[in-house]
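Peer 1: To convert, note that position 107 of the sequence shown is 107 in the UniProt record's numbering; the numbers rise steadily by one, no gaps.
Have a look at this one before I ask anything.
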Amino acid sequence: DKTMLPQSPQKLLAVAKEEATQSQRELKAAQQKVTELDTKLEQVGRISTDFGNESGLSQAEIKRRALAESYGSAAREEGEELDLATYTKSLDEDNPLLQSPTALNEEEGLEVQDFFGEAVEGAKTEYSEADRVAIEAKQAAKQAKRALDDAEKGVEKAMSALEASFQKEKNTEEAARKAAVEARENREHADTAKHRVKKVRELVQNVRSSASSAETVVVTAMTEAKISEQRAAQTEARASRAHAMADRDRSRANAETKKEEEYEQEAARLHEAYETSTRKARGARERMEKAANMLERLNEQIKLIENSSQYRKEVIENGSNGIRDHYAEDRVSPRKTSKFLVKHATKMDERKKCTELIKEASRENSDADAERRRAQQKFEDAAQMWKRQADVAAAARKQADRSSQSAEELAEHADEEREAATLRQVAREKAQSSVKATDSNKYSAHAQLAEAERAANEAEKVAVVSRSRAEQLAKEAERTKDHSKLRSAVERQKEERDQALKRYQLAINDKASADDKASTAKRLYETSSEVFSSAKQSAAFEIHEANIQKQAEKAAVIAYSKFLLARKQSERAKSMLKQAQETAESKAAAARHAQDYKVRMDKVFVVSPELAKLVTLHSTKLKKWEQSIAMPCSHMHSLSNNAVAAEADVDEKPFLEFTQNHIIRTYPIWGANHESVDPIYAQSLGCQLVGMNFTSASEALLAYDGRFRANESCGYVLKPLLSREERPQSWNLSILSGSYLPKPESEKKASSLISPVARILLYEGDGAKVVRVTKPVKHNGVSPVWGEKDIPIEVTRPSVAILLISLWDSASNEFIAASSLPIANLREGYRSVAMFDSLHSRCGPYAFCNLFVDARKVQG
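In structure tokens:
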């Protein structure tokens with residue numbers, strides 16, 4: 001896999017730091033967005049509250065209408081951004097009742113108009129005539145007003161001209177003052193330019209001195225660079241010769257080592273031959289010793305026969321002195337067989353054969369011993385040659401190591417000389433660059449000097465021009481101080497304005513008289529149409545109030561919909577902020593781990609490839625399932641039982657997915673008095689190595705032993721096929737009888753009998769489930785009979801389920817025996833179940849302890 005290629009610790013650390021920095025930037029952006037959305041949410045909440053208070057609706061009613069409004073639903077689905085200004089404007093534009101006041105309903109006033117028609121019409125005619133006279137008076141007043149306005153404008157125009165003259169005088173004085181200030185500033189600027197010319201000339205002189213020094217440095221740097229280059233070349237040549245010599249020494253060491261291995265193999269072969277001859281000699285001695293022991297036993301038996309009275313009697317009866325005379329070839333056998341004589345003769349023949357065997361075994365022993373001594377001598381000679389060759393090979397390897405070390409030291413020295421030459425070359429280049437820069441500075445200084453002289457000349461010219469302009473503006477300011485003509489024009493315009501004001505007063509008096517008459521006619525007309533107007537106004541007011549209330553309710557609903565949208569956006573942003581925080585924490589932790597990994601890798605030495613090939617599994621810590629599943633199959637996790645339960649409670653799916661291609665080892669929380677937890681749970685999740693606490697016996701440990709009853713109890717079983725859907729099973733189990741049940745340890749010295757009871761437990765990975773507890777059989781442990789039939793057992797996960805049958809003494813509630821059976825390997829019919837002790841052993845009194853049961857699978 002290309003993604004799993006090894007990378008250097010420095011590169012991993014750089015990548016981790018870059019990712020951590022990027023995640024921090026994303027976190028800050030998310031925090032800023034959450035702050036902005038919270039501010040918007042607060043603003044929208046205030047607007048919604050204000051509209052709700054104005055509408056008079058309850059909060060529950062507003063919420064119900066907002067959820068029912070299609071506008072609010074569309075806004076929530078689209079997830080559009082909320083703009084308060086656009087939102088407020090949309091309320092005004094979408095509501096016609098807010099754009100214009102109440103539109104009166106004309107049909108409401110038809111009956112009133114017909115009823116008061118004639119009276120209203122007469123009053124209207126009188127009012128029209130009086131209004132015409134008032135209009136004519138008003139026109140005359142307007143004409144007088146226009147004449148007065150024209151006079152006022154003339155006065156204002158004359159005053160404006162006078163004020164403009166004053167303003168011109170003021171502006172001219174201000175311009176003269178500014179011109180004087182500008183002239184002074186230009187003079188100062190000219191003086192500054194002259195001073196700058198002086199400074200630039202000094203700078204040119206300094207640059208010339210620096211250029212001379214830089215040229216001297218360049219010559220020195222070039223000389224040192226040439227010397228360093230020569231020294232580096234000489235050192236590299238010596239290092240090359242040292243490497244060649246080290247290679248020759250290494251080749252010689254390898255050749256001597258190969259000879260050492262050949263001598264070692266020869267010594268091993270001779271040692272094997274020596275061991276073989278030793279075994280042969282040992283076998284010959286054993287056969288000789290056995291034959292000698294047999295001969296000794298035969299001599300004792302012959303002596304016993306010869307000393308017996310029956311033997312002497314048979315010898316006398318047969319008239320012979322021994323069995324040799326009795327069975328001699330030139331004698332005839334007795335008519336009556338003598339048992340002791342025959343037995344004596346048989347033993348004598350056996351002694352003769354045994355003597356021959358001893359001779360043959362002695363001869364074989366001598367030959368084997370001689371062969372052993374020869375093999376031993378050859379082995380010792382080969383071992384001595386091997387030792388001498390080992391010393392030679394060790395000396396050659398030592399010489400090769402010294403040569404390699406010298407070559408490496410020379411190579412390091414050559415590298416140092418090369419680095420020194422490189423540094424001096426860089427110094428030479430920098431000196432040359434400094435000379436070029438100094439030349440550039442010299443040209444720049446000359447250019448600055450020319451520019452400074454030009455600027456000084458221009459500043460002097462500008463100072464002279466600005467001084468002349470300031471003197472001209474001062475003279476013009478003196479001329480603008482005469483205002484007598486404009487004052488006379490203002491007085492004439494004021495007299496014309498006073499005459500126009502008198503004419504306007506007369507027109508106003510005439511207009512007031514006409515207005516009084518028109519007002520009287522108008523009051524009459526208004527009195528006649530009062531009922532008509534009040535009725536129309538009442539109707540319009542009611543319509544207006546209804547529309548205002550309706551629009552306020554609609555505005556409150558829309559405002560609450562916008563509030564819901566803003567709150568949803570804020571919650572989404574907070575969720576993204578939380579995710580960004582988790583990512584930032586993960587990246588920061590990765591950066592810390594990369595830093596630790598770099599520190600550890602700096603301390604790591606190179607591992608031999610032969611040793612690395614022996615490592616099959618790599619134990620790693622569990623961080624996230626996504627990262628663990630992506631790891632190679634050679635990586636495994638070690639989890640405690642509590643960690644397995646915690647991870648599986650969150651989600652079993654990644655657990656099962658990981659164990660399909662990887663190994664998980666579980667271990668208990670260790671303690672002498674701590675019982676093991678349910679192992680079936682971890683096995684049901686696919687854990688391959690489930691550790692148990694064997695310091696104390698428990699039902700969980702017995703169920704664990706039942707898992708390995710399958711596959712002929714070889715110690716290895718296939719993990720359950722959890723990737724396919726299993727079908728539940730139903731069984732009927734009958735506990736019939738038992739045989740040879742031993743007493744518990746605490747009751748072995750007592751004379752009382754046990755009263756056994758059978759307890760059936762089912763393990764499916766979710767804890768032990770008690771299926772049935774039988775009735776006790778009183779005072780019978782040899783052949784108890786329960787006879788409890790058809791005990792129903794419902795199994796939901798047959799591939800991992802374990803059935804545990806345990807026997808207990810009902811009187812003392814102590815453990816007697818137990819047996820655990822995998823449901824997947826359970827067979828139908830009458831079965832004799834072997835019972836085990838608490839350590840899953842059948843030694844001693846448990847050798848014949850059995851339970852007779854009947855198992856039937858329910859088909860359905």
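Glycine included, each C-beta is placed from N, C-alpha and C at the ideal position.
Because the structure is a prediction, the values reported are computed rather than measured.
Near Lys-138, which residues of its chain fall below 7 Å by C-beta distance, leaving aside the five closest residues on each side in sequence?
Peer 2: The residues are Lys-511.
Peer 1: Assign Ile-735 to one of two classes, buried (16 or more other C-beta atoms within 10 Å of its C-beta) or exposed (fewer than that).
Peer 2: Buried: at least 16 other Cβ atoms inside 10 Å.
Peer 1: Can you tell me which of the three DSSP states Ser-608 falls into?
Peer 2: Coil at Ser-608, not helix or strand.
Peer 1: I want to know whether the segment 836-843 touches the segment 793-809 - three or more CB-CB distances under 8 Å.
Peer 2: The answer is no - the segment 793-809 does not touch the segment 836-843, with fewer than three Cβ pairs under 8 Å.
Peer 1: What does the alpha-carbon distance come out to for the pair Asn-711 and Val-717?
Peer 2: Cα-Cα distance, rounded: 6 Å.
Peer 1: Can the beta-carbon of Val-435 be found closer than 8 Å to that of Glu-182?
Peer 2: It is not a contact, given that the beta carbons lie outside the stated cut-off.
Peer 1: At which residues does the beta strand (DSSP E) containing Arg-759 begin and terminate?
Peer 2: From DSSP, the beta strand (DSSP E) with Arg-759 extends over 756-763.
Peer 1: State the beta-bridge partners of Pro-822 as determined by DSSP.
Peer 2: Answer by DSSP bridge pairing, in chain order: Ile-802.
Peer 1: If you count every other CB in all the chains shown that lies within 10 Å of the CB of Phe-694, and 16 or more means buried, which is it?
Peer 2: Phe-694 is exposed by the Cβ-count criterion.
Peer 1: Buried or exposed: which applies to Ile-47, given that a residue is buried once 16 or more other Cβ atoms fall within 10 Å of its Cβ?
Peer 2: When all chains shown are included, Ile-47 counts as buried.
Peer 1: Express the C-alpha separation of Val-615 and Ala-855 in angstroms, rounding to a whole number.
Peer 2: Cα-Cα distance, rounded: 46 Å.
Peer 1: Are Lys-290 and Gln-389 touching if we call contact CB-CB under 8 Å?
Peer 2: Going by C-beta atoms, Lys-290 is not nearer than 8 Å to Gln-389.
Peer 1: Three or more C-beta pairs closer than 8 Å, one from the segment 730-744 and one from the segment 792-804: is that the case here?
Peer 2: Result yes; three or more Cβ-Cβ pairs closer than 8 Å.
Peer 1: In terms of alpha-carbon separation, which member of Leu-57, Val-677, His-662, Met-692 lies closest to Lys-719?
Peer 2: Checked all of Leu-57, Val-677, His-662, Met-692; the closest Cα to Lys-719 is His-662.
Peer 1: Taking a contact to mean a Cβ-Cβ separation below 8 Å, would you say Asn-299 touches Arg-351 in this structure?
Peer 2: For Asn-299 and Arg-351, yes; Cβs fall inside 8 Å.
Peer 1: Take the Cβ of Gln-569 as the centre, count every other Cβ of all protein chains shown within 10 Å, and call the residue buried at 16 or more, exposed below.
Peer 2: Gln-569 is buried by the Cβ-count criterion.
Peer 1: Could you give the DSSP three-state label for Ile-669: helix, strand or coil?
Peer 2: In the structure shown, Ile-669 sits in coil (DSSP, three-state: anything other than H, G, I, E or B).
Peer 1: Does DSSP put Ala-246 in a helix, a strand or coil?
Peer 2: Of the three classes helix, strand and coil, the one that applies to Ala-246 here is helix, per DSSP.
Peer 1: Using only the alpha-carbon positions, how far apart do Ser-366 and Arg-297 sit?
Peer 2: Near 25 Å, if we compare the C-alpha coordinates of Arg-297 and Ser-366.
Peer 1: Expressed to the nearest angstrom, what Euclidean distance is found between the alpha-carbon atoms of Arg-372 and Ala-281?
Peer 2: One C-alpha to the other measures close to 7 Å.
Peer 1: In angstroms with no decimal places, state the Cα-to-Cα distance between Glu-173 and Ala-134.
Peer 2: Cα to Cα, Glu-173 sits roughly 56 Å from Ala-134.
Peer 1: Assign Ile-669 to buried or exposed, taking buried as 16 or more other Cβ atoms, counted over all protein chains shown, within 10 Å of its Cβ.
Peer 2: Under this definition Ile-669 is an exposed residue.
Peer 1: Could you tell me which of Ser-440, Ala-180, Lys-623, Arg-285 sits nearest to Glu-360, measuring between CA atoms?
Peer 2: Cα-wise, what sits closest to Glu-360 is Arg-285.
Peer 1: Output needed for Tyr-740: all residues of its chain with C-beta closer than 6 Å, excluding positions within five of it in sequence on either side, in chain order.
Peer 2: Phe-848, Cys-849.
Peer 1: Can you tell me the Cα-Cα spacing of Ser-561 and Asn-641, whole angstroms?
Peer 2: Answer to the nearest angstrom: the Cα atoms are 51 Å apart.
Peer 1: Along the chain, where does the alpha helix (DSSP H) containing Gly-738 start, and where does it finish?
Peer 2: Unbroken run through Gly-738 is the beta strand (DSSP E), 729-739; no alpha helix (DSSP H).
Peer 1: Between which residues of its own chain and Ala-580 is the CB-CB distance below 6 Å, once the five residues before and five after are set aside?
Peer 2: The answer, listed in chain order, is Glu-26, Leu-27, Ala-30.
Peer 1: Tell me, please, which residues DSSP counts as bridged to Ser-640.
Peer 2: The partner list for Ser-640 (beta bridge, DSSP) reads Tyr-667.
Peer 1: May I ask you to verify whether the segment 154-161 touches the segment 449-459, counting CB pairs closer than 8 Å and requiring at least 3?
Peer 2: No, they do not touch.
Peer 1: Less than 8 Å between the beta carbons of Lys-17 and Ala-591, yes or no?
Peer 2: Yes. Within cutoff.
Peer 1: Note down, one range per segment and in chain order, each beta strand (DSSP E) of at least 3 residues found wholly within the UniProt region "Disordered" (357-449).
Peer 2: DSSP runs (the beta strand (DSSP E)) wholly in the UniProt region "Disordered" (357-449): none.
Peer 1: Since Tyr-846 is in the alpha helix (DSSP H), which residue starts that stretch and which ends it?
Peer 2: From DSSP, Tyr-846 is part of no alpha helix (DSSP H); its letter is neither H nor E.
Peer 1: By Cβ distance below 7 Å, which residues in the same chain neighbour Ala-758 in space, the five residues on each side in sequence not counted?
Peer 2: Only Ile-735, Thr-774, Trp-786, Ile-805, Leu-807 meet the Cβ criterion.
Peer 1: DSSP has Thr-620 in a bridge; who is on the other side?
Peer 2: Its beta-bridge partners are His-637.
Peer 1: Could you check whether the segment 596-605 touches the segment 615-628, counting it as contact only if at least three pairs of C-beta atoms, one from each stretch, sit closer than 8 Å?
Peer 2: At 8 Å Cβ cutoff, the stretches do not touch.
Peer 1: Tell me which residue opens and which closes the alpha helix (DSSP H) that Asp-790 is part of.
Peer 2: Looking at the DSSP string, Asp-790 is not in any alpha helix (DSSP H); the run it does join, the beta strand (DSSP E), is 785-795.
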